[in-house]
Amino acid sequence: MRSPTPLVLSLFLLATACSEPAPPVADGVSVVPGSTFELPAVPQEARTDRIELVEELVIGERGDDDNYLLSWSIDVVAVTDGRIFVLDAVNNRIQTFAADGEFVGSFGRAGEGPGELSAVWDFALVGETLHVQQMTGLRRFGLDGQPQGDNTRAYFAPLRVSIGLADGSIVGLDPVRIPRSPEAMEGGYLESQVRLVRVAGGGEELAELHVFEPQRRPLLWMSGGGGRSIPVPNVEASVAATRSGDIYGAATDAYDVHAYTIEGELRWRLQVPWQRSPITEDDIDVALSALRDDGFSADGGLRSRIWFPEQRPAIARLAVDGHDRLYVFLEPLTRAQAESGNLAVDVYDRGGARLFAGMIRNVSWDFVLGDHVYSVEPDPDTEESRVVRYRLDVPF
329 MRSPTPLVLS LFLLATACSE PAPPVADGVS VVPGSTFELP AVPQEARTDR
379 IELVEELVIG ERGDDDNYLL SWSIDVVAVT DGRIFVLDAV NNRIQTFAAD
429 GEFVGSFGRA GEGPGELSAV WDFALVGETL HVQQMTGLRR FGLDGQPQGD
479 NTRAYFAPLR VSIGLADGSI VGLDPVRIPR SPEAMEGGYL ESQVRLVRVA
529 GGGEELAELH VFEPQRRPLL WMSGGGGRSI PVPNVEASVA ATRSGDIYGA
579 ATDAYDVHAY TIEGELRWRL QVPWQRSPIT EDDIDVALSA LRDDGFSADG
629 GLRSRIWFPE QRPAIARLAV DGHDRLYVFL EPLTRAQAES GNLAVDVYDR
679 GGARLFAGMI RNVSWDFVLG DHVYSVEPDP DTEESRVVRY RLDVPF
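Numbering (the working numbering), first residue to last: 329 to 724.
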């Protein structure tokens, strides 16, 4: 081992003499808590390494057995004994499967009473309790399906991407209501805004971590004031959190990630100069084709009635694995790359040190437990959904 220089030795002695914990280190650079640091981008052509997702289990349609029928609107969590809980928002039920994918049972039904579900959004696993987000508030169930109480107070709209933490709180994205304006309707977009918040298990707000800038969403307005979202790559807010309470947020228009403590204090902010690519006419044609397939006529200047973004996002989404590592999935640079089924990904430890820069299969990370990723995906053979469990195989 090379001997340390006098300067390095002095810094080491100073650090060990202090009672304060050492600051995080990102790629060899000390990060002052609460500060912003920058790392260079790793270009697409230099990403020769790969993280593998090894498919271990698929839960989906089995003939006429309704117990394995998963609707298109679902969420999934899993527990340490291997049981898998699937929230079927369309059929207002929660299905339970064993670790081998065999159906165990279900609970919940449509309705407003105890143990019933209505207008379900998603759910989070908090300890051994399932917190179901409904438009009317939280509804809680034990893992045995027994109701555990409600909170029907309208504290705010249901959180998007709700994540349960070990202390019994929930972190997620809270939609901020922005009044619809005639200018937006005429311009073919909806302006929306979200904030990153942490709430107690009963719904009371504990901390506001970040307020994202308002973003435009391409929209086709219809008679009666409703609208249809247009399927083009667009800027969103993304959140990820470890069970222990490391919380990450990013607006996907830039490679700009904020890391927070569970109390809402900024731990660090990472910026990487990632070049965004333009939205092409081909992207727009594909989006308009999807509208036409759904019955919207191209007559009347359909293209001119919709606002389209000029650029793709920089980040596709954030995620964490079961070892407290942060994954930054990068938006494909072109539609051809998106159709390849692969994404560029950077992986960081909780101190901001980059551990990996390479490629990975593009699947949703709806829940992570240990070395396993649970993904809700369209079933390629049906119009329903399926749940896939992957084993995460990392080269670091």
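Beta carbons: idealized from backbone N, C-alpha and C, even for Gly.
query                                                                                                                                                                   : result
Can you check which of these residues, L524, R663, I402 and R488, is closest to P606 by C-alpha distance?                                                               : R663
Please list, in chain order, all residues of the same chain as P637 whose beta carbon is under 6 Å from its beta carbon, the five residues on each side excluded.       : N562 and I607
With a CB to CB cut of under 8 Å and the five nearest residues on each side skipped, what residues in its chain are close to R378?                                      : G686, M687, I688 and P723
Using C-beta distances below 6 Å, list every residue in its chain close to S434, excluding the 5 sequence neighbours before and after it, in chain order.               : R421 and Q423
Sort out for me which residues DSSP pairs S520 with in a bridge.                                                                                                        : Q543
Of all the options L501, D610 and G455, which has the alpha carbon lying nearest to the alpha carbon of A494?                                                           : G455
I need the DSSP call for P706, collapsed to helix, strand or coil.                                                                                                      : strand
Pull up the DSSP beta-bridge partners for H586, would you.                                                                                                              : G577 and R597
Check for me: the beta strand (DSSP E) holding I558 runs from which residue to which?                                                                                   : Where I558 is concerned, there is no enclosing beta strand (DSSP E), given that its DSSP letter is neither H nor E.
Take A565 and list the residues in its own chain whose beta-carbon comes closer than 6 Å to its own, dropping the five residues that flank it on each side.             : L501, V522, F540 and A579
Between V414, Q461, V382 and T589, which has its C-alpha nearest A447's C-alpha?                                                                                        : Q461
Using CA coordinates, which residue listed in Y517, M550, L445 and V585 is at the minimum distance from G680?                                                           : V585
I need the straight-line Cα distance from F431 to S632, nearest angstrom please.                                                                                        : 49 Å
Per DSSP, R437 is paired with what?                                                                                                                                     : DSSP lists no partner for R437.
So, with DSSP's three-state summary, where would you put L616?                                                                                                          : helix
Alpha carbon to alpha carbon, how far is T376 from L598? Give it in angstroms, no decimals.                                                                             : 23 Å
List the whole-angstrom C-beta distance separating E519 from I506, where the pair is believed to meet the contact cut-off of C-beta under 8 Å.                          : 5 Å
Considering only residues of the same chain and omitting the five flanking positions on each side of R468, which have a CB-CB separation below 6 Å?                     : T457, H459, Q476 and G477
Starting from G515, trace the alpha helix (DSSP H) both ways and give me its first and last residue.                                                                    : P510 to G515
Taking contact to mean 3 or more Cβ pairs, one atom from each stretch, closer than 8 Å, check whether the stretch 641 to 649 and the stretch 607 to 626 are in contact. : no
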